[in-house]
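Enquirer: With the working numbering, the residue at position 164 of the sequence shown is 1462, and numbering never jumps.
The beta-carbon is built from N, C-alpha and C at its ideal position, and this holds for glycine as well.
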Amino acid sequence: MISRGIDPDIRSYNTLMHGYSKLGCWKDTLRIFKDMIDRGFQPNVVTYGSMMYSVCKQGQTKEGEKLLDLMVKGGIKPDKVSYQILLLGHATDGTLDDVMSVLDRMQVDHIAAPDYETYTYLIKALAKNKRVNEAICVLKRMKRDGVKPDIATWSPIPKLLLEMERVDDARDIMDKMTSGETND
1299 MISRGIDPDI RSYNTLMHGY SKLGCWKDTL RIFKDMIDRG FQPNVVTYGS MMYSVCKQGQ
1359 TKEGEKLLDL MVKGGIKPDK VSYQILLLGH ATDGTLDDVM SVLDRMQVDH IAAPDYETYT
1419 YLIKALAKNK RVNEAICVLK RMKRDGVKPD IATWSPIPKL LLEMERVDDA RDIMDKMTSG
1479 ETND
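In structure tokens:
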């Protein structure tokens, strides 16, 4: 682009960073980020989101949290996607405490309380990573926070329980699903 005399703008940089982060090329994402800063562009929420996604995809979710802190210190308000990126990272390589901490931070930072989409996304990610106990804890929190789960939210849990040969637990979850029970 530059060699053709076309000056990149923030959208160009964000597009490149997004592409590299999706490919798992975090070093290239970082290189583009540094070039953008060197050329005087200020990162925005999309820029930081790409950086966070890139490091979280590499299993460096704590670095993603540092980027979130840097974003806030720079006066940029994180959006729901920023937090969902961290939740995905922690669903893959973090602890339940890490997951709950991000959910709490969403509320404390006045982004918004975690919603149906956030909880469902997180439960699916935990189940995909064979973290059924954590998924059940998040489901309980979802209900406690007044967010109503549906079949899309519940269904990964009994499926994983059956894969783990926890038939009684799967049956219990299925009974709650079919009865419409939303209590613990």
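Work out the CA separation of residue 1453 and residue 1339 for me, nearest whole Å.
Expert: For the purposes of this step, residue 1339 is taken as residue 41 along the sequence shown, with counting starting at 1. For the purposes of this step, residue 1453 is taken as residue 155 along the sequence shown, with counting starting at 1. Cα-Cα distance, rounded: 44 angstroms.
Enquirer: Is it right to say residue 1432 is buried, meaning 16 or more other beta carbons lie within 10 angstroms of its own, or is it exposed?
Expert: Taking the sequence shown and counting its residues from 1, the one referred to as residue 1432 is at position 134. Answer is buried; the Cβ neighbour count reaches 16.
Enquirer: Drop a sphere of 10 angstroms on the beta-carbon of residue 1470, count the other beta-carbons inside from all chains shown, and report buried for 16 or more, exposed for fewer.
Expert: In the sequence shown, residue 1470 corresponds to position 172, counting from 1. When all chains shown are included, residue 1470 counts as exposed.
Enquirer: For the segment 1330-1407, list the alpha helix (DSSP H) runs that are entirely contained and at least 4 residues long, ordered along the chain.
Expert: 1343-1355, 1359-1371, 1378-1391, 1394-1406
Enquirer: Considering only their Cβ atoms, is the gap separating residue 1357 from residue 1383 smaller than 8 angstroms?
Expert: Your numbering for residue 1383 matches position 85 in the sequence shown. Your numbering for residue 1357 matches position 59 in the sequence shown. No, they are not a contact pair.
Enquirer: Which residue from 1326, 1328, 1322, 1335 puts its Cα closest to that of residue 1308?
Expert: Here residue 1308 refers to the residue found at position 10 when the sequence shown is read from its first residue. Looking at the Cα atoms, 1335 is the closest of the given residues.
Enquirer: Helix, strand or coil, according to DSSP, for residue 1445 in the structure here?
Expert: As a working note, residue 1445 is residue 147 in the sequence shown. Correct three-state label for residue 1445: coil.
Enquirer: In angstroms, rounded to a whole number, what distance separates the CA positions of residue 1442 and residue 1466?
Expert: Taking the sequence shown and counting its residues from 1, the one referred to as residue 1442 is at position 144. Taking the sequence shown and counting its residues from 1, the one referred to as residue 1466 is at position 168. The straight-line gap from Cα to Cα measures roughly 24 angstroms.
Enquirer: Could you give the uninterrupted runs of the alpha helix (DSSP H) lying entirely in the segment 1446-1474, keeping only those of 4 residues or more?
Expert: 1449-1452, 1454-1461
Enquirer: If we call anything under 8 angstroms between Cβ atoms a contact, is residue 1416 one with residue 1375?
Expert: Here the question's residue 1416 lines up with position 118 in the sequence shown. Here the question's residue 1375 lines up with position 77 in the sequence shown. Contact flag unset, no.
Enquirer: If you follow the alpha helix (DSSP H) that residue 1312 is in, where does it begin and where does it stop?
Expert: Within the sequence shown, residue 1312 is the residue found at index 14, counting from 1. Its alpha helix (DSSP H) spans residues 1308-1321.
Enquirer: Which value, in whole angstroms, describes the spacing of the CA atoms of residue 1457 and residue 1333?
Expert: For this step, residue 1457 is matched to residue 159 along the sequence shown. For this step, residue 1333 is matched to residue 35 along the sequence shown. When rounded, the distance between both Cα atoms is 46 angstroms.
Enquirer: Check whether the Cβ atoms of residue 1349 and residue 1315 sit closer than 8 angstroms, and answer yes or no.
Expert: Numbered from its first residue, the sequence shown carries residue 1349 at position 51. Numbered from its first residue, the sequence shown carries residue 1315 at position 17. The answer is yes: Cβ separation under 8 angstroms.
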